[in-house]
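Below you'll find the structure, written out as structure tokens, and then a few comments.
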Amino acid sequence: MIYTFSFVLFLSSWIPYSQGSLVAPSIDTSGQNATSVKAANETASSGLHRQGWTSQPSGRGTLDIIWACCFTMFLCSWSTLCINVPAPGDSSFKIFRRKLYLSALALLGPEFIFQIALSQWESACKSVKDFEASGIKGWTMTHAFYADMGGYVLKPRDWCQFPINAGQLHYLVTKGYISPPSLDVSIIRDRNKVDGMLRIITVWQTLWFIITTAERAAQDLAITTFELTTAGFIVCSFATTICWYHKPADIQVSEVIETDVTIEQILLEAEGHPGRPFSRTPLDFITRKEWAWSLYWSNWTNILRKMRIVIFLSGRPVNRFQNTVVPEPSKLGYAMFLLLSAIYSAIFICGWNYSFPTPAEQTLWRVSTVAVFCCVPLFWAVGSFAFSFWPSIASSHKSSSTMESGAIMVPTSAHSSFWLSVKSRASRIANRIRNNSRERDPELTVPLKAILPIYVLGVVYCHARAYIFLEDFIELRSLPASAYATVDWTNIFPHF
């Protein structure tokens, strides 16, 4: 519905600006900075001078805005990503396609890429502490990241080889099944294929964009919503880069660890529940810990699989780790994620009083930005209620109810039997919704109290983000005149 309404707005509002010539009258750049303060603070209702498509020769043009934003966002997404080690035999096209998919995900939800990076950073920190506590020297953050991205592959005597993460590697070493890995950090760095020149270009472009945008705000020149979106993207990309500072990028070679110990022996000597069906590898019992976001993700991918849209791994054991695997963050990590999400969403709200081409677009922008700002905390609130707060209440209520005794009345009438049948069928449907995995893995059960609100919030969030992206482009058909005024650098760098 929101897409249809926005498209109608786009068509109805573009026509007045496109009659005759697509190029608006040029701006008098010699005096534009002197009058930009007054022009930027006016509204459309008070007669604000607006321009349609503007060519570059007369100053900053429409293509300049589009190019600066798109180029900056592409550089930040592409150069920031550190994808996991591919499976043996994966083609260059497959690897490129995975990175392209993750880059698209970063463009749509950069705060969620930050969550992946932050959780992986916390996992790497924990791994370094575990190895150090076990007296194993030389294990660095780079080693931990390399392991968690599938850099170490175990080849047991009775099984095919499969990747192991840092926690599983630590378990095997401390149990004496394998020797501590001797791979030097310098070798990992040599395998690192980070494009240094691309990152230098990214840093330069990002700094230039930030300085230019900040100076436009200081000189009261209009800033477009597209530039706001890019600024928010830069914030998330910068935080992601910090978390992935020690993570190697584009490594395509794994370190194979051979052992004479069998998987059967490891499972027999293990504690806990090693005999349960595994999800990725037979060593899942060591480090597997499902949490709210991983359960939501699994439920969603299973829905896609039932629609015959398979975009993720399905074989077992896996031959590589998915790039979207998110370890459970700590409470501090979750707080950091919520803080960055709030900062990211608040950047959109900075456009609250922008002069939009139509009042309807301004209203839709305000509603969408508030929705984006509220959805992430609500995701967290729903998960906390469904997975922590409600189970504790239900457990205490169940324990108190067992103290009471009473006879259970068994209905015998046909009317009661009918409702029992309806209730039984509804219960089976609810169970299928809670757990839609192929093997009905009990670890992948999602409470209805969580899954239903989460899908509603997901729809709201996706529509709000879609409108923000759509408005970034359709706003360009009619911008305040000062949006095309160039920054007067003489205010910063005086000339003599």
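Numbering (mature numbering (1 follows the signal peptide of the UniProt record, and there is no 0)), first residue to last: -20 to -1, 1 to 476. Glycine residues also receive a C-beta, built at the ideal position from the N, C-alpha and C atoms. Everything numeric in this text was worked out from a predicted model, so none of it was measured.
Which listed residue (A146, G130 and C216) has its alpha carbon closest to that of S234: G130
Element boundaries [alpha helix (DSSP H), containing residue 535]: Here the chain comprises residues numbered -20 to 476, so residue 535 is not present and cannot be evaluated.
Beta-carbon contacts of L98 that lie in its chain and below 7 angstroms, excluding the five residues immediately before and after: C223, P309, G313, M316 and F317
Neighbourhood of W101 by C-beta distance below 6 angstroms, restricted to the same chain and skipping five residues each side: C223
L149: first and last residue of the uninterrupted beta strand (DSSP E) it sits in: Unbroken run through L149 is the alpha helix (DSSP H), A146 to T154; no beta strand (DSSP E).
Among I454, C330 and R300, nearest to T349 - alpha-carbon criterion: C330
Segments assigned alpha helix (DSSP H), at least 4 residues, entirely inside the segment 213 to 265: 243 to 249
Residues near I158 in its chain [Cβ-Cβ closer than 7 angstroms; skip 5 each side]: L152, I237 and T239
Simplified DSSP assignment, three categories, for P161: coil
Which of helix, strand or coil DSSP assigns to V298: coil
Delimiting residues of the beta strand (DSSP E) encompassing K135: Y132 to K135
Three-state secondary structure (DSSP) of R30: strand
Residues near F258 in its chain [Cβ-Cβ closer than 6 angstroms; skip 5 each side]: D264
Cβ-Cβ distance between N416 and N279 below 8 angstroms: yes
For R457, the nearest candidate out of V108, T205 and Q95 (CA to CA): T205
T251 versus P307: straight-line alpha-carbon distance, rounded: Looking at the sequence provided, one finds Glu at residue 251 rather than Thr. So the alpha carbons of these two residues sit roughly 22 angstroms apart.
Where P143 falls: helix, strand or coil (DSSP): strand
CA-to-CA distance, S162 to V183, given in whole angstroms: 35 angstroms
Pick from L149, I63, G118 and K429 that is closest to T221, judged by C-alpha positions: I63
Other residues of its chain near R179: CB distance less than 6 angstroms, five sequence neighbours each side excluded: S59
Exposed unless 16 or more other CB atoms sit within 10 angstroms - verdict on N303: buried
Reference S325; option with closest CA among R288, V215, A465 and D170: V215
Under the three-state DSSP convention, the category L61 falls into: coil
Exposure of K227, with buried meaning 16 or more beta-carbon neighbours within 10 Å: buried
L428 versus G363 - alpha carbon distance: 11 angstroms
Beta-carbon proximity list for Q36, same chain, < 8 angstroms, skipping 5 on both sides: L43 and D44
Where the alpha helix (DSSP H) containing M121 begins and where it ends: M121 to D128
Distance, Q342 Cα to N411 Cα: 43 angstroms
Contact check, I93 vs L85, beta carbons under 8 angstroms: yes
For L459, the three-state DSSP class (helix, strand or coil): strand
Helix, strand or coil at E91 according to DSSP, with G and I counted as helix: helix
Close beta carbons around H29, own chain, < 6 angstroms, minus the five adjacent residues each side: A461
CA nearest to the CA of V108, picked from I373, A124 and R300: A124
Proximity of A219 and L284 at Cβ, strictly below 8 angstroms: no
Burial state of S114 (16 or more Cβ within 10 Å): exposed
The alpha helix (DSSP H) enclosing V288, as first and last residue numbers: The displayed chain sequence assigns Arg, not Val, to residue 288. No alpha helix (DSSP H) contains R288, which DSSP labels as neither H nor E.
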